[in-house]
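Numbering (our numbering), first residue to last: 2 to 855.
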């Protein structure tokens, strides 16, 4: 394991004026969460120490997104026949899958994440105690009692042995009261439940399946912090207490019929046991679901995109606006060769079918379907819809490119392509991929991504009657682990290198050090940068004449970007996860290293990529981890719906908080074994709900829910300040004046200062504070744009927000360039040329046209 003290790292990377330490800023989002845990107190002490060394850099936060890994497998095909037929599943070879749980001690289990190494297992969690104070969470109370352990081969022993401790926690009473259960009946209810559990009546083979007991063996070890025993015990309690067969037992314990009826109503309102049945239109179809799975740089989206280009009607859905925009542009320009067209047709003006290596899509191969120059015969009319942007080429366009959250489950398509299917397990956004898998109304659904998602998708589709086909792909270029690290010597960084680190402050610390040590300049990519700026930074790195020969970024560096990376250098192989520093997972390591050596990007050079570490201890870790087979995802994600939110609001006590409604979903709902509720984090969820309930008092529940689902940067105080103005205007006037909301803020003052420097004949420098202000301003503008497409009357300044957003993006580009050592003269222009290579209209322009015609 890589472990370096702060003094060594300080001497390695610079003086006290610019020193930094790996993982330092990742903990900040927890520090400001309001928790009183000992971990956070230690993190606060650590932050103060870092602030002494780094000055203003201590306030930086990270917002990086972790994309799961992409393993390597051979090509094979699997077909699932509809449920009405009993035909066998065909596979060329056996795929690694999670060993199913069996009841009793006969069962064995392979850890769904840990592989063969204990280094990749999460520690088991202590989640309750018998001594607590009101408001104490199960996690915070864990220090007063030894960590409970669960034996996967004897789950009933854990289930029956720990139920008493769970039932005695005071937070349980508070939660049950919030759910509308009478205080006087809570203790008798819990006592009756504990007796039933300890008697073994719930641990029978039937109960093992009915109550989902295997979750103890998965969620306590491998799940996120909140997928713990508290949630499992609570959902088991409500499933048991709502069973009509147990009414006589509850009545004999003194539980009133009113309480029993209320528990049954809560259970019915939150029941998600059969999520596939929520999509009636999709269930009426017999869909062909084709999975294209493989590691990074395997060309797994090749056939899916060609099928889309050849379809009568179709949709592409990806995780990022950058990917949606690329597909939109290439389909309209005829740059994607349709399926069934192997060569350019006989057409006198047809361009040579030269593959476009600038594509960010994983299409790969010499016969890649994405071309540099479009062929008019391949051009398709395609619209684009993302959370904050819409481009309408034609009102009746047969094709659509969008982000996954914007997919329609009502419209019918011939072909649908869903990218990065492994994100079905993402704790924040995974529910959108689950919705796509179950609800897309398409004759042919292509799911592109990683092998790890296959078991989850297979399980979700097993009762739908859909046909499942799995195509597997191998990496197109080799990946080599170098024999030695850089041994801490940044002068050994070469052109084409990518250095991956895990905090924003580390990114800029490395940038300063490399630029002062070498003659090379560094582009940067990290989560808080807007997608447009990430794309600009990637273009600088890819351009051999730009002078930006190195790129530094977070672990999400490759997502949605085409990067000509020759070698990936791990600055560290351990990462702060909010509570402790842990080794990178197998998936993280493979995903990061796999960005090196993308097919076709290095011309006539030897194909393949290289990876190493900055410090010596990292090389062995990387080599060993890349050799480990990656286990499948243990489950996907599902979220609360507007319907379930509304249903619960009528059953829970009047005036209940938004958080209580969310908690009712998490602690009561029955889910299938392969799904878990989306996790926002306890502190983040409380912060969101308190803000909305306080600021939006009097607004309809649907409006409050819309704001809870909006892309608000809750951990950014400067951004939240502007959003507070938005919401106040919305609540009081039902109209949000963007210009009035931002006109007297530090955001506008900072933007105008930077624009003045951009026009200066001198070469003024920029500061990190300026950059941070611009990032926050951009997030506030993105929210306005997002709301304008959902509430276009109240949030109607779409043109104004687009213009202001463009000004901020130009200022961001200039600021990053002005922070670069020995940078070339930056442009004085404060405006991009407004030209549309593809004619389109925005929704607001279309409304104006309709009004003029009327």
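Virtual Cβ for every residue (Gly too), placed ideally from N, Cα, C.
Query, Result
"Can you tell me where the beta strand (DSSP E) with residue 728 in it begins and where it stops?", "No beta strand (DSSP E) holds residue 728; the alpha helix (DSSP H) holding it covers 718 to 734."
"Determine the DSSP secondary structure at residue 818, reduced to helix, strand or coil.", "helix"
"DSSP state of residue 690, grouped into three classes?", "helix"
"Give the range of the beta strand (DSSP E) segment to which residue 468 is assigned.", "468 to 473"
"Take residue 149 as the anchor and find which of 205, 222, 173 has the nearest alpha-carbon.", "222"
"Would residue 414 and residue 316 qualify as a contact pair, given that the criterion is a beta-carbon distance under 8 Å?", "yes"
"By Cβ distance below 8 Å, which residues in the same chain neighbour residue 768 in space, the five residues on each side in sequence not counted?", "820"
"Would you check if the distance between the CB atom of residue 398 and the CB atom of residue 376 is smaller than 8 Å?", "no"
"Around the Cβ of residue 325, are there at least 16 other Cβ atoms within 10 angstroms (buried) or fewer (exposed)?", "buried"
"In whole angstroms, what separates the C-alpha of residue 197 from that of residue 271?", "23 Å"
"Under 8 Å between the Cβ atoms of residue 203 and residue 241?", "yes"
"Between residue 450 and residue 420, is the Cβ-Cβ spacing less than 8 Å?", "yes"
"Check whether the Cβ atoms of residue 664 and residue 176 lie closer than 8 Å to each other.", "yes"
"Let me make sure I understand the geometry here. Which of 193, 795, 677, 570 has the alpha-carbon closest to that of residue 738?", "795"
"May I ask you to report which of helix, strand or coil DSSP gives residue 565?", "coil"
"Residues in its own chain within less than 8 Å of residue 802 by CB, not counting five upstream and five downstream?", "739, 782, 785, 786, 789"
"By the DSSP assignment, the alpha helix (DSSP H) with residue 576 in it spans what residues?", "It is not in any alpha helix (DSSP H) - residue 576 instead sits in the beta strand (DSSP E) that spans 575 to 577."
"Rounded C-beta distance between residue 627 and residue 596? I'm assuming under 8 Å.", "Not confirmed; about 13 Å, so no contact."
"Look up residue 107 in the DSSP assignment and say whether it is helix, strand or coil.", "Note that residue 107 scores 36 on pLDDT, short of 50, meaning its location in the model is unreliable and no value can be drawn from it."
"Looking only at C-alpha atoms, which of 171, 574, 195 sits nearest to residue 162?", "195"
"Between the Cα of residue 751 and those of 722, 662, 773, 615, spot the shortest distance and give me the residue it belongs to.", "773"
"What are the complete alpha helix (DSSP H) segments, minimum 4 residues, inside the region 139 to 221?", "156 to 168, 171 to 179, 184 to 199, 206 to 211"
"With a Cβ-Cβ cutoff of 8 Å, do residue 480 and residue 612 count as a contact?", "yes"
"Out of 238, 503, 842, point me to the one whose CA is closest to residue 575's CA.", "503"
"Whose CA, out of 640, 152, 187, 534, lies closest to the CA of residue 169?", "187"
"So, using beta-carbon positions, are residue 454 and residue 634 closer together than 8 Å?", "yes"
"Looking only at its chain, what residues have a beta carbon closer than 6 Å to the beta carbon of residue 541, apart from the 5 residues adjacent to it on each side?", "524, 547, 549"
"Which one of 268, 245, 231 has the shortest CA to CA distance from residue 180?", "268"
"Does the Cβ-Cβ distance between residue 407 and residue 432 come in under 8 Å?", "no"
"On the DSSP bridge list, what partners appear for residue 571?", "501, 614"
"Assign residue 553 to one of three DSSP states: helix, strand, or coil.", "strand"
"Is the beta carbon of residue 569 sitting closer than 8 Å to the one on residue 539?", "no"
"To which residues of the same chain is residue 217 closer than 8 Å at the C-beta, ignoring the five residues directly before and after it?", "151, 156, 159, 160, 230, 233"
"How would you label residue 208, buried or exposed, when you count the other beta carbons within 10 angstroms and need 16 or more for buried?", "buried"
"If you draw a straight line from the alpha carbon of residue 710 to that of residue 674, how long is it in whole angstroms?", "25 Å"
"At least one CB of chain D closer than 8 Å to the CB of residue 276: is that the case?", "The question asks about chain D, but that chain is absent: this structure has only one protein chain."
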